[in-house]
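Right, one structure below, let's go through it.
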Amino acid sequence: MHTNMTSDRSGGGGGSWRLPPDETLQVQDPKQKDHDFDFDEGHNWRSIILSLLVISFVVSGIVTAIYLLGYVDELLYWSGRRMILDEYLQGDLIPRRLPSSWVTTQKYVFQSDDGSLAVLDTTTNLVKVLVTNHTLRQLNVRRYLCSSDLKYVLFTHNVKKNFQKSFTAFYTIYDVTNDHHTPVKLKDTLKVQRTRLQYASWLGNTTAIIFVVKNDIFIRQSPLVEEDIRITSSGHENHIYNGVPDWLYQEEIFETPEAIWTSSDGTHFMYALFNDTNVGMMTYPWLSSGALFSGSGIFSGSIFPETKMVRFPTPGTTNPEVELWAVDITNLSDIQKFNIKPPATIYGQDYYLTSAGWISDSNCQVSVVYMGRSQNYSVISLCSKEEDWKCLEVHSERAPEDEWLDIFPHPVFSSDGSSFLFLANIQESENYQFTHIKHVMISQKKKKKKKKKKKKKKKKKKKKKKKKKKKKKKKKKKKKKKKKKKKKKKK
Numbered sequence: 001m002h003t004n005m006t007s008d009r010s011g012g013g014g015g016s017w018r019l020p021p022d023e024t025l026q027v028q029d030p031k032q033k034d035h036d037f038d039f040d041e042g043h044n045w046r047s048i049i050l051s052l053l054v055i056s057f058v059v060s061g062i063v064t065a066i067y068l069l070g071y072v073d074e075l076l077y078w079s080g081r082r083m084i085l086d087e088y089l090q091g092d093l094i095p096r097r098l099p100s101s102w103v104t105t106q107k108y109v110f111q112s113d114d115g116s117l118a119v120l121d122t123t124t125n126l127v128k129v130l131v132t133n134h135t136l137r138q139l140n141v142r143r144y145l146c147s148s149d150l151k152y153v154l155f156t157h158n159v160k161k162n163f164q165k166s167f168t169a170f171y172t173i174y175d176v177t178n179d180h181h182t183p184v185k186l187k188d189t190l191k192v193q194r195t196r197l198q199y200a201s202w203l204g205n206t207t208a209i210i211f212v213v214k215n216d217i218f219i220r221q222s223p224l225v226e227e228d229i230r231i232t233s234s235g236h237e238n239h240i241y242n243g244v245p246d247w248l249y250q251e252e253i254f255e256t257p258e259a260i261w262t263s264s265d266g267t268h269f270m271y272a273l274f275n276d277t278n279v280g281m282m283t284y285p286w287l288s289s290g291a292l293f294s295g296s297g298i299f300s301g302s303i304f305p306e307t308k309m310v311r312f313p314t315p316g317t318t319n320p321e322v323e324l325w326a327v328d329i330t331n332l333s334d335i336q337k338f339n340i341k342p343p344a345t346i347y348g349q350d351y352y353l354t355s356a357g358w359i360s361d362s363n364c365q366v367s368v369v370y371m372g373r374s375q376n377y378s379v380i381s382l383c384s385k386e387e388d389w390k391c392l393e394v395h396s397e398r399a400p401e402d403e404w405l406d407i408f409p410h411p412v413f414s415s416d417g418s419s420f421l422f423l424a425n426i427q428e429s430e431n432y433q434f435t436h437i438k439h440v441m442i443s444q445k446k447k448k449k450k451k452k453k454k455k456k457k458k459k460k461k462k463k464k465k466k467k468k469k470k471k472k473k474k475k476k477k478k479k480k481k482k483k484k485k486k487k488k489k490k491k
């Protein structure tokens, strides 16, 4: 270290000393040092404030850009809007997920997490994609039905509601192997024009299709064939309904929008015919969304709402007439129809058809459930081809006094048709009833009925014999009287 210090010493010796010029020692003032430090610290705070201002400016610019681009609803909640009543009433805000279903005893179809339709094979526990989520989103699918061989899927989309449980929609057949869409429509319609169907489904375990258009039933043999086979031709709006229920049945009795029951092999099916011609008509106002007011609150159309009409039976007036038909389509060139007649216990009075179904694979026997109009008496009946499709009562349920019966799902029959299970309310105490499962053996009931019939026949025979004896006695008496008269005349 070199220091440079100059010093004058005065003293007794009068001498002085001096450091070399290249070795200089500099001493700084402490006050000057504190002043420099304060200046540097203030400089750092300014830079921090400036950087924060820049960051806030950039963030505000990003937020403004996002807002202008319209993605604020997904990323931020700052620009929320009020919920519209129609969105709540029509269920637009409810998350929609397609229901799962068993196609066979080993194949289970469900909607996976990514939105696609997948198939679970329970034997191998493997999952395979059946329909991609892109296809489902493209058509906005609301319902689906898989064919038993999983080669085709019937999509329901563009649904337009009529009443609470009925609707019209577009139906599309999706070819799984070829990734091809085929719209289901009548052959007579234009290529561009789609046909709104009231119902469509596979015929049993086949790939034939049965569908309803304007209250009439049609059949298509295959998804690849566009030729339609008409089964009924009496359909008329607000008058005759074939294969679909009228207002009363769809709102109060059936849980599904169709009145068609197919056999498992697809060679037969039943359908209900509803005749509303004599049912009274009711007119009601129809308020569609935005019909009266526009968004600005100014009248956009007529002041008066639209009116609609529906066949509505009131107490004491005529109910819809219902008929049940069985159709044999084994030979499409010679389609045969059979009218299924209700049992004698319910025939000739006002009644409801609550459910129906095929019993065995032979397609020769069906079961039908009827209920009286008072809804306090229900009959489970069997109808067979051998009996000329005349239904015979096998079980009945009666409601307690001043009460009525509930409508339950159709009974479940055993494979041989000898017994069935069904739901029924059973009185558990004075004030409460609970739903139980009942098991009915048809063979035992038939035996009891046969015994009753035999007893009745025996009684009838005895009565006939007594009548014959009485007649013979009367004849003998008459003959004796005649003989006596003749003898008297001779005398």
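In this text, residue positions in the sequence shown follow the UniProt record's numbering: the first is 1, and each later residue adds one. All C-beta atoms in this analysis are idealised placements derived from N, C-alpha and C, irrespective of residue type, glycine included.
- With respect to the C-alpha of residue 167, the residue from 176, 177, 173, 156 having the closest C-alpha is 156.
- Within the same chain, Cβ atoms closer than 8 Å to the Cβ of residue 240 are found at 215, 234, 273, 274, 275, 276, 277, the five residues on either side in sequence being excluded.
- Residue 170 has its alpha-carbon roughly 36 Å from the corresponding atom of residue 415.
- The beta carbon of residue 319 sits closer than 6 Å to those of 313, 350, all from its chain and outside the five residues before and after it, given in chain order.
- For residue 247, the enclosing alpha helix (DSSP H) has its first and last residue at 247-252.
- According to the DSSP assignment, residue 435 belongs to the beta strand (DSSP E) that extends over 433-441.
- Each residue's CA atom was taken as its position, placing residue 365 and residue 114 some 44 Å apart.
- Taking 4 residues as the minimum length, the alpha helix (DSSP H) runs contained wholly in the stretch 118-181 are 133-139, in order along the chain.
- Residue pairing by DSSP puts residue 395 in a beta bridge opposite 380.
- Going by beta carbons, residue 136 and residue 127 fall outside the 7 Å limit.
- For residue 85, no beta strand (DSSP E) segment is defined; the enclosing uninterrupted segment is the alpha helix (DSSP H) at 85-89.
- Within the same chain, Cβ atoms closer than 7 Å to the Cβ of residue 195 are found at 185, 186, 189, 213, the five residues on either side in sequence being excluded.
- Contact check for residue 367 against residue 382 passes: the beta carbons are separated by less than 7 Å.
- Non-local C-beta neighbours of residue 321 in its own chain, meaning closer than 6 Å and more than five positions away in sequence, comprise 275, ordered along the chain.
- Short of 8 Å from the beta carbon of residue 419, and not among the five residues preceding or following it, lie these beta carbons of its own chain, in chain order: 413, 439, 440, 441, 442, 443.
- Rounded to the nearest angstrom, the gap between the Cα atoms of residue 435 and residue 134 is 44 Å.
- Under the 10 Å beta carbon count, residue 242 is surrounded by 16 or more other beta carbons and is classified as buried.
- When only Cα atoms are considered, residue 395 and residue 348 end up about 19 Å apart.
- With distances taken between CA atoms, residue 327 lies nearest to 230 out of 283, 138, 230.
- Boundaries cannot be given for residue 215, as no beta strand (DSSP E) includes it and DSSP labels it neither H nor E.
- Looking at 408, 330, 466, the one whose alpha-carbon comes closest to that of residue 203 is 330.
- In the same chain as residue 337, and ignoring 5 residues on each side of it, the C-beta atoms closer than 6 Å to its own belong to 325, 327, in chain order.
- Under the 10 Å beta carbon count, residue 163 is surrounded by fewer than 16 other beta carbons and is classified as exposed.
- Put simply, the backbone Cα of residue 193 is about 19 Å away from that of residue 224.
- When Cβ pairs closer than 8 Å are counted between the two stretches, the stretch 303-310 is seen not to touch the stretch 255-263, the count staying below three.
- Residue 323: member of the beta strand (DSSP E) spanning 321-328, first to last residue.
- Classified as exposed, residue 57 has fewer than 16 neighbouring CB atoms from the shown chains inside 10 Å of its CB.
- For residue 285, the enclosing beta strand (DSSP E) covers residues 281-286.
- The C-beta of residue 303 has fewer than 16 other C-beta atoms within 10 Å across all chains shown, which makes the residue exposed.
- In the structure shown, residue 45 adopts helical secondary structure according to DSSP, grouped into three states.
- Cβ neighbours of residue 397 within its own chain (closer than 7 Å, five residues either side excluded): 378, 405, 424.
- Here the C-alpha atom of residue 88 lies approximately 55 Å from the C-alpha atom of residue 45.
- Exclusion of the five residues before and after residue 421 leaves 412, 437, 439 as the residues of its chain whose Cβ lies within less than 6 Å of its Cβ.
- In the structure shown, residue 262 adopts extended strand secondary structure according to DSSP, grouped into three states.
- Of the residues 65, 140, 118, the one whose Cα lies closest to the Cα of residue 146 is 118.
- If you look at residue 311, you'll find it in the beta strand (DSSP E) that goes 306-311.
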